[in-house]
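First residue of the sequence shown: 127, per my numbering; consecutive thereafter.
Idealized CB from N, CA, C, for every residue including glycine.
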Amino acid sequence: MLVFSTETSCDETSICLMKDREILEHFVFSQDIHAKFGGVVPELASRSHLEKLQEITRFLLNKSKIKLSEIDFFSATCGPGLIGSLLVGSTFTKALALSLRKPFIPINHLEGHVLSTSYNNNILYPHLVLLLTGGHTQIYLMENDKKIVLLGETLDDAIGEAFDKTAKLIGLSYPGGLEIEKNARNGDENFFNLPHPLKHEDSFNFSFSGIKTHVNILVKKNVLDKDFICNLSASFQKTISKIINEKIKKSLIKLEQDNIFIKSLSVVGGVSNNKYIKEKLENMLTLDKIEVYYPIEEMMSDNAAMIAWASIRNFNDKKNDLFFKPSARMEIKNNFT
Ligand code: ZN
127 MLVFSTETSC DETSICLMKD REILEHFVFS QDIHAKFGGV VPELASRSHL EKLQEITRFL
187 LNKSKIKLSE IDFFSATCGP GLIGSLLVGS TFTKALALSL RKPFIPINHL EGHVLSTSYN
247 NNILYPHLVL LLTGGHTQIY LMENDKKIVL LGETLDDAIG EAFDKTAKLI GLSYPGGLEI
307 EKNARNGDEN FFNLPHPLKH EDSFNFSFSG IKTHVNILVK KNVLDKDFIC NLSASFQKTI
367 SKIINEKIKK SLIKLEQDNI FIKSLSVVGG VSNNKYIKEK LENMLTLDKI EVYYPIEEMM
427 SDNAAMIAWA SIRNFNDKKN DLFFKPSARM EIKNNFT
C-alpha cells in the first residue's frame, strides 16, 4: 500500500511517500520566516505552505520516480493546528486524491504523534504516551493498540511554548528549546527556585504559565548576563523535568489503584529531543521496570512520516472522507474514528 501524506498544521511543510512500513521519501521544510517575530505568524505560515507544497511534491516524485497514478491513497493532517495552514495542506492533498479518484484519509495530528513510536517499537500494553510539543502537553493511556484515552493535559501553556516564552524573556533566540538546553549545560540548576504549579493536586493535568510569570519577575530584578542566562536555563529545565517526572509517577500510582499496571511509556513530540528531560525520566522509569520508547528522529518534530504511518497502521479503521472539514481544535476520539 503506497500512501502520499502531507503535514501542514503549524510551521513545517512536510510530505512523505510511505509504502507499507517503509519510508520511500520524506521531506520536512521548516519555515524560517517566523524567527524574527519570536513565534509563528499564522498568515505567513499559510502562504509559505502554499508556496512550498507543489515544489516539494514535484521534487519527491521526480526523486523517487513514482508516478502519482501509482499512489493507492492520500492522507493529510486535518487538525488540530493553525486553521489556514491546515486548509492549505488538506485541500492540496484532497485535490490530488480527487483528480486521481483515490481515497482521502483525514488524520489527527495528535494521533500522528501518539502512534509514532509504534513505527519502530513493539509496544507493550498497557501503555502511556507523554506528548510534549510546542502546542500540546498531554498524557494518554492506551490499554490496547486500538484505544487512546486522554488522561490529562496542560491547563495553560504547552511545554514547548513554555520553553519558547522563557527563552524569549531571557533574550535567547527562537526556537527556545535548543537554546535553553545548550545554556543550561553551563548553569547551576539549583540557583533559582521556580514554582511547581499543581504539585499538590491529584490530577493528570499540567500548568506552566506560573513559571513564565516568575521568570519575568526575575528578569526585571536581574542583569541579563551570561551567568544569569545559564543559571536560569538550568533551573527552568530542571523544574520542567521534575514536573514531568512527578506527574508520570502520580499517574502510575493512580492507574495501579484501578488495576492498570503500565508496562511501557512513549515520549513523543519535539520536546522529546531534550536530553536532560529524557535522561531524568528514563532513570525514574527504569526503577519501575517500565520500558521507554521514542520515535525515530524524523518522526520527532512535526512531520508527514508520522501522518503516513498513522494512516497506514489504521487504514481499515479509517474513513475515506473527501468532505472532512479541518478544524483548529480537534481531539483524539476513541478507536481512531
Ligand atoms: Zn506536533
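With a cutoff of 8 Å on beta-carbon distance, GLN157 and THR132 are scored as not near each other.
Shown here for LYS375: same chain residues with a beta carbon closer than 8 Å to its own, the five before and five after excluded, namely MET410 in chain order. Per DSSP, reduced to three states, the secondary structure at LYS145 is strand.
Exposed is the label assigned to ALA161, since fewer than 16 other Cβ atoms lie within 10 Å of its Cβ.
Taken from the Cβ of THR134, every heavy atom of the ligand ZN lies 7 Å or farther away. Where CYS356 is concerned, the enclosing alpha helix (DSSP H) starts and stops at 352-383.
Taking the C-beta atoms as reference points, TYR402 is found nearer than 8 Å to GLU307.
Taking 8 Å as the cut-off, the beta carbon of PRO206 is found closer than this to the beta carbon of HIS235.
Taking C-alpha positions only, PRO168 is separated from VAL214 by approximately 12 Å. Distance from the C-beta of HIS239 to the nearest heavy atom of the ligand ZN is below 7 Å.
Nearest Cα to LYS406 within the set GLN383, PRO452, LYS368: LYS368.
Looking at the DSSP output, PHE332 shares a beta bridge with THR280. When ILE182, LYS294, CYS356 are compared, the shortest CA-CA separation from GLY164 is found for LYS294. Across the set LEU391, LYS459, VAL166, the C-alpha of VAL166 shows the shortest separation from the C-alpha of LYS291.
By a beta-carbon distance limit of 8 Å, ALA431 contacts ILE149. Their separation comes to about 6 Å. Nearest Cα to GLY302 within the set GLU151, ASN399, ILE192: ASN399.
Setting aside the 5 residues that flank it on each side, PHE230 is surrounded in the same chain by PHE199, PHE200, SER201, ALA202, THR219, LYS220, ALA223, LEU224, ASN446, ASP447, LEU448, PHE450, each with a C-beta closer than 8 Å to its C-beta; the list follows chain order.
ILE296 is the residue among PHE153, ILE296, LYS145, ASP384 whose C-alpha sits nearest the C-alpha of LYS346. For PRO168, the enclosing alpha helix (DSSP H) has its first and last residue at 168-190. Within its own chain, the residues whose Cβ lies closer than 6 Å to the Cβ of LEU257, once the five positions on either side in sequence are excluded, are HIS239, GLN264, VAL394, GLY395, listed in chain order. The criterion of a C-beta distance shorter than 8 Å is not satisfied by LEU324 and PHE362.
Distances from the alpha-carbon of ARG439 to those of LYS145, PHE153, LYS364, ASN348 put LYS145 closest. The beta-carbon separation of ILE197 and SER437, rounded to 12 Å, does not stay under the 8 Å limit for a contact. Note on the region 225-305: whole beta strand (DSSP E) runs with a minimum of 3 residues are 230-234, 253-258, 263-268, 275-279, in chain order.
Taking HIS262 as the centre and dropping the five residues before and after it, the same chain places the C-beta of ALA284 closer than 6 Å to its C-beta, in chain order. Per the coordinates, the alpha-carbon of SER329 lies some 10 Å from the alpha-carbon of GLU279. Nearest Cα to VAL341 within the set PHE332, ILE366, ASN331, PHE387: ILE366. Residue environment: MET426 is assigned as buried (16 or more neighbouring CB atoms within 10 Å of its CB, all protein chains considered). Judged by DSSP secondary structure, LEU413 falls within the alpha helix (DSSP H) whose first and last residues are 401-413. ILE416 is classed as buried because its beta carbon has at least 16 other beta carbons within 10 Å across all chains shown.
Going by DSSP, SER437 is part of the alpha helix (DSSP H) stretching over 430-439. Shortest Cα-Cα distance from ALA310 to any of LYS178, PHE354, SER211, ASP137 involves PHE354. Excluding the 5 residues flanking it on each side, CYS142 has same chain C-beta neighbours closer than 6 Å at SER131, HIS152, ALA430, ALA431, ALA434, in chain order.
LEU194: not part of any beta strand (DSSP E); DSSP gives it neither H nor E.
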